[in-house]
Amino acid sequence: MPASSEWIIKDQTVVSNSWRILEAEVGVDELADMEQQAILAPLDFWLAERSTLQARKGLTGVWLDSNEKPGSLIVDSTFDINEIPLIAVNFPVFSDGRGYSTARALRQNLGYEGDLMAIGDVLRDQVFYLKRCGFNILMPRADQDAEIMLTAFADFKTGYQASIDQPEPLFRRR
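So, in structure tokens, the structure goes:
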């Protein structure tokens, strides 16, 4: 399970983190203590307790592990994925790249327009690519420095392929 951090990078700015990541084993009774707090619920808990979570006063987002499919969020034909204020995608280890595909699927295939956060083993080397896939919030690993993380947004001037942040490939931009 990813750990919460005191700070996050939102839209290329360091801000304090108000989101609490819930563990997979959390119970409904524990939610009473967090009534006003912004929480990120694990997918299984969010699916099982969606009505309870929506009745809370605090914001409720959902986090997906790297093995969970983004289509799992669509619970029925009337559900609008954009009702979820924040979706987080866990990167359990640096070498697990499934989160990039999850982000692209959320943005491109499911039309998600809300905040999309990368959590877990998020390092400086990933920053530019996370942005290209549609992440606008990063919760870096605890040992990462905020100012060093911010410099990664300028590592490359342009990308060749089409992406979420630049839908037109380089050869069409000439």
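First residue of the sequence shown: 539, per the working numbering; consecutive thereafter.
Yeah, the Cβ is synthetic: ideal placement off N, Cα and C, and Gly gets one too.
Every beta strand (DSSP E) stretch that sits fully inside the segment 614-680 and reaches 3 residues is listed by chain position as 624-629, 653-658. Among the bridge pairs identified by DSSP, Ser-554 is matched with Trp-545. Given a length threshold of 4 residues, each whole run of the alpha helix (DSSP H) inside the segment 549-615 is given here in chain order: 581-586, 588-592. Cα atoms of Phe-632 and Leu-661: separation of roughly 7 Å, rounded to the nearest angstrom.
Remark: C-beta atoms of Val-627 and Leu-644 approach each other more closely than 9 Å.
Note on Val-600: 16 or more other CB atoms within 10 angstroms of its CB, so buried under the neighbour-count rule. Per DSSP, Ala-690 is not a residue of any alpha helix (DSSP H), being assigned neither H nor E.
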